[in-house]
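**Student:** Chains A and B, in that order, give the protein sequences. According to the numbering used here, the first sequence is numbered sequentially starting from 1. According to the numbering used here, the second sequence is numbered sequentially starting from 403. Structure incoming, see below.
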Amino acid sequence: MSKFGDWLNERFPAREMMREHMTEYYAPKNFNILYYTGSLLLLMIVLQLVSGFLLMAHYVPTSKDAFNSVQGIMYDTKWGWLIRYMHVDGVSLIFILLYLHMGRGLLYGSYRKPRELLWIIGYVIYIMMMGEAFFGYILPFGNLSYWAGQVITSIIHAVPLIGPGLTTLARGGPGVGTATLERFLALHAVLWFMIIAALIVLHILALHQVGSNNPDGIEIKKLKGPDGHPLDGIPFHPYYTVKDLFGVGVWLTIFAAIILYAPTMHGVFLERTTFFRANPMVGLPDVTPPWYLAPYYAMLRAVPNKYYGIALMFLAIVLPFFLPWLDRNPVRSSRYRPVYRIMILVMGITFFTLAWVGEQPPLPKYFLIERLGAAIYIGFYFLLPIISSIEPTKKVPERVRS
Amino acid sequence: MRKTWTGGLVAALATLGLGCGQAATLATPSYTFNKPTVIAGAKLFADHCSACHAVSSLRYNRLAADLGMTKAEIKKDIMLPGGANYLQGMQPTMSQADAKKWFGLPPPNLSHIVRAEGARWVYTYLTSFYWDPKRPSGWNNHIFPNVAMPDILAPWGGTYTKNGKLLQAGRESPALYHKQVAEIVAFLRYASDPSVFERRAIGRYVLGTLILLTILAYLLKKDYWRDIHNKDEAEKAKAAKKAGSAKA
């Protein structure tokens, strides 16, 4: 072993990497349940790669055969239903994890100095994931795919001057069809995925440069023991690898239960309108995005004017980038900031209310909820600099609570 | 954009009749969703429905693999005479062109109908026909107004007016009739998602294995973390002792 190990390590820094990122990466010892989300996201993305690869081996990206090829996977391919449900349900589960992961960042102030770049890279991954999900959404070419493709690409129309040309470029023609499926497949399976994979590597490297935050928001590197290691830190391997292994067990049990017993999750994870073949002659009464994109769609609809609606939606997507500089309080974690804690809670409820209302048909009775939700969402970012500089804080302890 | 949707809504209701908006009145079919129910439904479907409707995604031989029917049984009870192929999807006996001539529209392929509309909608639709002399076929439907399909099950279920008055009793009791319609819906539910029995069959083993592995992982984690907890305890005891001696 060691002879081969020596040979290898003279040529490749395997031991060094293992030490740097695993055995001598010191993580705070007080991680709670929200800290499983990172490793689970990595696992889920690998599973998407595997199931996506298998799906692509059976998929035909033409407007004539796409729907049938997907049904062929479901009906005629051995274990085809398993890989399709894994891929489809995996998306919703990834977004559940992403929202928990980002919500954790908000709760414990993980976006604050020195982790600004870590937050920004992570947020870019989230935005890329939305694109990845959208491209994938079009590929089965049910009627929902077709109309979602038409509606979303028509947003590009709003770009001044070059809008119409860009829309045609995105669709590969005047409408969504074979050319759209071909380029969306290429984007979904190659370019977008590779960018996301690269960003994940950057995200982890940035994390290991600054070190993990924790629920108390205390910098564990400030207090070091005689051995030079943080007093409240423990080596990632074996302590967190073995803990994450347990998390993986629980998560895979949930994932398997969904696939085996409720693969469409009553139309939330796999919408009923995806079971009609795409038909440009038959519009859909309810072209709504999947639940994980619905909050932005609700904000888009909150404004009657298309251009202002799109502007509001983009503002909502862009604002979180500035979070590290909008928060001006010296304390990080919401554990010691009661007012900020309430703000996060309201923000969380608002976001999921917007997700719910974005799934509803565009009726006047929902406008008030959409507008109120949009106002709270945007208001959070505009009020944060003011509130965070005057809010009362509790005393932050020296050491993490374990 | 909203205008497009409104147009789409009108178009959809006019051509497909997605049954939206009437969700409040849907009835729930009562069946035990298992293989015998689905087999009974498949036989009823073959007798009454597959003259006009295809279930093209579902190959006949899947009924053997999924439901445990024999090839002879499938050939006798399910496959219709006239060139049906055991290895191909379920096809109607009537040609689409003829059907279009007679009903104005080709009868839809029902492969995904339950996934698309829901079992409750399909069941309610099948039991909501009423006699309407104004329609070319003589039939209309409460949740699918002006539908092209006639109530082919009327000889069994009876003929009703729009207000629910019985015009002519069916050959079967209402209870048996509703049970059989529910069985057809159960078959269509299976046809929308033929993995359902396979999934359920392996479910308990997969979940059992995963839970077992999770318990093992938990014990492993507990074992590894014992030294962290011991260290914490020691530190706490030391701090308490220090505080105690300071007091003394």
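Just so you know, even glycine gets a beta-carbon here, dropped at the ideal spot from N, CA and C.
Of all the CB atoms in chain B, is at least one closer than 8 Å to the CB of Gln71/A?
**Tutor:** Residue 71/A sits at position 71 when you count from the first residue of the first sequence. Closer than 8 Å: yes.
**Student:** Can you tell me which of the three DSSP states Arg459/B falls into?
**Tutor:** In the second sequence, residue 459/B corresponds to position 57, counting from 1. According to the sequence provided, residue 459/B is Ser. The question's Arg does not apply to it. Residue state, collapsed to three classes: strand.
**Student:** Counting only beta-carbon separations shorter than 8 Å, does Arg522/B have a partner in chain A?
**Tutor:** As a working note, residue 522/B is residue 120 in the second sequence. It does not: the Cβ of Arg522/B has no partner Cβ on chain A nearer than 8 Å.
**Student:** I need the boundaries of the alpha helix (DSSP H) containing Gln209/A, first residue and last residue.
**Tutor:** Position 209 of the first sequence, counted from the start, is the residue given in the question as residue 209/A. Here the alpha helix (DSSP H) through Gln209/A covers 192-210.
**Student:** So Pro431/B and His455/B are in contact, right, with Cβ under 8 Å, and what is the actual spacing, rounded?
**Tutor:** The count along the second sequence starts at 1 and reaches residue 431/B at position 29. The count along the second sequence starts at 1 and reaches residue 455/B at position 53. Their Cβ separation, rounded to whole angstroms, is 18 Å, which puts Pro431/B and His455/B out of contact at 8 Å.
**Student:** With distances taken from CA atoms, which of Arg104/A, Met18/A, Tyr308/A, Phe367/A is nearest Leu34/A?
**Tutor:** To locate residue 34/A, count along the first sequence from 1; it is residue 34. Comparing Cα-Cα distances from Leu34/A to each of Arg104/A, Met18/A, Tyr308/A, Phe367/A, the minimum goes to Arg104/A.
**Student:** If you compare alpha carbons, which of Asn548/B, Asp634/B, Tyr525/B, Tyr607/B is closest to His580/B?
**Tutor:** Counted from its first residue, the second sequence places residue 580/B at position 178. The residue with the shortest Cα to Cα distance from His580/B is Tyr525/B.
**Student:** Using C-beta distances below 6 Å, list every residue in its chain close to Val457/B, excluding the 5 sequence neighbours before and after it, in chain order.
**Tutor:** Stepping through the second sequence from its first residue, residue 457/B is reached at position 55. Taken in chain order, the residues that qualify are Met492, Leu512, Ser513, Ala593.
**Student:** Can you list, in chain order, the residues of its chain whose CB lies under 7 Å from that of Glu359/A, leaving out five sequence neighbours each side?
**Tutor:** For the purposes of this step, residue 359/A is identified with residue 359 of the first sequence, where counting begins at 1. Once the five neighbours on either side are set aside, the close Cβ partners of Glu359/A are Thr288, Trp291, Ala294.
**Student:** With contact counted as at least three CB pairs below 8 Å, one residue from each stretch, are the segment 218-227 of chain A and the segment 133-142 of chain A in contact?
**Tutor:** These segments do not touch.
**Student:** State the DSSP-derived secondary structure class of Trp291/A, mapped to helix, strand or coil.
**Tutor:** By one-based count along the first sequence, residue 291/A stands at place 291. Three-state DSSP puts Trp291/A in coil, outside helix and strand.
**Student:** Can you give the beta carbon distance from Phe276/A to Gly142/A, rounded, assuming they're within the 8 Å contact cut?
**Tutor:** The residue given as residue 276/A occupies position 276 in the first sequence. The residue given as residue 142/A occupies position 142 in the first sequence. Indeed, because the Cβ distance is near 6 Å, the residues count as touching under 8 Å.
**Student:** Inspect the CB distances between the segment 123-135 of chain A and the segment 338-357 of chain A and report whether three or more fall short of 8 Å.
**Tutor:** No, they do not touch.
**Student:** What are the residues in the segment 250-275 of chain A lying within 8 Å of chain B by C-beta distance?
**Tutor:** Result list: Val250, Leu252, Thr253, Ala256, Ala257, Ile259, Leu260, Tyr261, Pro263, Thr264, Arg272, Thr273, Phe275.
**Student:** CA-CA distance, Thr274/A and Val60/A?
**Tutor:** Your numbering for residue 274/A matches position 274 in the first sequence. Your numbering for residue 60/A matches position 60 in the first sequence. Cα-Cα distance, rounded: 17 Å.
**Student:** CA-CA distance, Trp504/B and Ala550/B?
**Tutor:** Here residue 504/B is taken as the residue at index 102 of the second sequence, counted from 1. Here residue 550/B is taken as the residue at index 148 of the second sequence, counted from 1. Looking at the two C-alpha atoms, the distance is approximately 10 Å.
**Student:** Under 8 Å between C-beta atoms, does Ile630/B make it to chain A?
**Tutor:** As a first step, residue 630/B is located in the second sequence; it is residue number 228 there, counting from the start. So, interface residue.
**Student:** Using 8 Å as the limit for Cβ to Cβ distance, is Lys643/B near chain A?
**Tutor:** On the second sequence, residue 643/B is found 241 positions in, with the first residue counted as 1. No, because no Cβ of chain A sits closer than 8 Å to the Cβ of Lys643/B.
**Student:** Smallest Cα separation from Asp629/B: which of Pro230/A, Pro238/A, Pro226/A?
**Tutor:** Here the question's residue 629/B lines up with position 227 in the second sequence. Of the candidates Pro230/A, Pro238/A, Pro226/A, the one whose C-alpha sits nearest the C-alpha of Asp629/B is Pro238/A.
**Student:** So, is the C-beta of Lys405/B closer than 8 Å to a C-beta in chain A?
**Tutor:** Along the second sequence, one-based indexing puts residue 405/B at 3. Reliability of the predicted coordinates at Lys405/B is poor, the pLDDT of 37 falling under 50, and no value is obtained from them.
**Student:** Taking only the alpha-carbon atoms, compute the straight-line gap between Leu615/B and Thr253/A and give it to the nearest angstrom.
**Tutor:** Sequence index remark: in the second sequence, residue 615/B carries index 213 (1-based). Sequence index remark: in the first sequence, residue 253/A carries index 253 (1-based). The alpha-carbon atoms of Leu615/B and Thr253/A are separated by roughly 10 Å.
**Student:** Buried or exposed for Met17/A, going by 16 or more other Cβ atoms inside 10 Å?
**Tutor:** Within the first sequence, residue 17/A is the residue found at index 17, counting from 1. By the 10 Å Cβ count, Met17/A comes out exposed.
**Student:** Looking at Phe589/B and Phe435/B, is the spacing between their C-beta atoms short of 8 Å?
**Tutor:** On the second sequence, position 33 is the one that residue 435/B refers to. On the second sequence, position 187 is the one that residue 589/B refers to. Result no, Cβ atoms of Phe435/B and Phe589/B do not sit closer than 8 Å.
**Student:** The segment 429-459 of chain B: which residues have C-beta closer than 7 Å to a C-beta of chain A, in chain order?
**Tutor:** Residues passing the 7 Å Cβ filter: Ser459.
**Student:** Report the CB separation of Tyr626/B from Val242/A in whole angstroms; it is logged as a contact under 8 Å.
**Tutor:** As a position in the second sequence, residue 626/B is number 224, starting the count at 1. As a position in the first sequence, residue 242/A is number 242, starting the count at 1. Confirmed, about 5 Å.
**Student:** Which stretch, first to last residue, makes up the beta strand (DSSP E) that contains Phe531/B?
**Tutor:** Along the second sequence, read from residue 1 onward, the residue named residue 531/B stands at position 129. Counting along the chain, the beta strand (DSSP E) containing Phe531/B begins and ends at 531-533.
**Student:** Of all Cβ atoms in chain A, is any one closer than 8 Å to the Cβ of Pro607/B?
**Tutor:** Looking up residue 607/B in the second sequence gives position 205. For clarity, residue 607/B is Tyr in the given sequence; the question names Pro instead. No, because no Cβ of chain A sits closer than 8 Å to the Cβ of Tyr607/B.
**Student:** Identify whether Arg277/A lies in helix, strand or coil by the three-state DSSP scheme.
**Tutor:** Reading the first sequence from its first residue, position 277 is the one you call residue 277/A. Arg277/A: strand per DSSP, three-state reduction.
**Student:** For Lys477/B, which residues from the same chain have a beta carbon less than 8 Å from its beta carbon, with the 5 sequence-adjacent residues on both sides left out?
**Tutor:** For this step, residue 477/B is matched to residue 75 along the second sequence. Same-chain partners within the cutoff: Tyr488.
**Student:** Can you confirm whether the segment 192-199 of chain A touches the segment 170-180 of chain A when touching is taken to mean that 3 or more C-beta pairs between the two stretches lie within less than 8 Å?
**Tutor:** As far as the Cβ criterion goes, the segment 170-180 of chain A does not touch the segment 192-199 of chain A, which means the pair count is below three.
**Student:** Spatial neighbours of Thr439/B within its chain, please: CB distance less than 7 Å, with the 5 preceding and 5 following residues excluded, ordered by chain position.
**Tutor:** As a working mapping, residue 439/B is identified with position 37 in the second sequence. These residues qualify, in order along the chain: Tyr433, Glu585, Ala588.
**Student:** To the nearest angstrom, how far is the alpha carbon of Leu161/A from that of Thr167/A?
**Tutor:** Here residue 161/A refers to the residue found at position 161 of the first sequence. Here residue 167/A refers to the residue found at position 167 of the first sequence. C-alpha separation (whole angstroms): 12 Å.
**Student:** Measuring straight from C-alpha to C-alpha, what distance separates Leu207/A and Ala257/A?
**Tutor:** Along the first sequence, read from residue 1 onward, the residue named residue 207/A stands at position 207. Along the first sequence, read from residue 1 onward, the residue named residue 257/A stands at position 257. Computed Cα separation, rounded: 32 Å.
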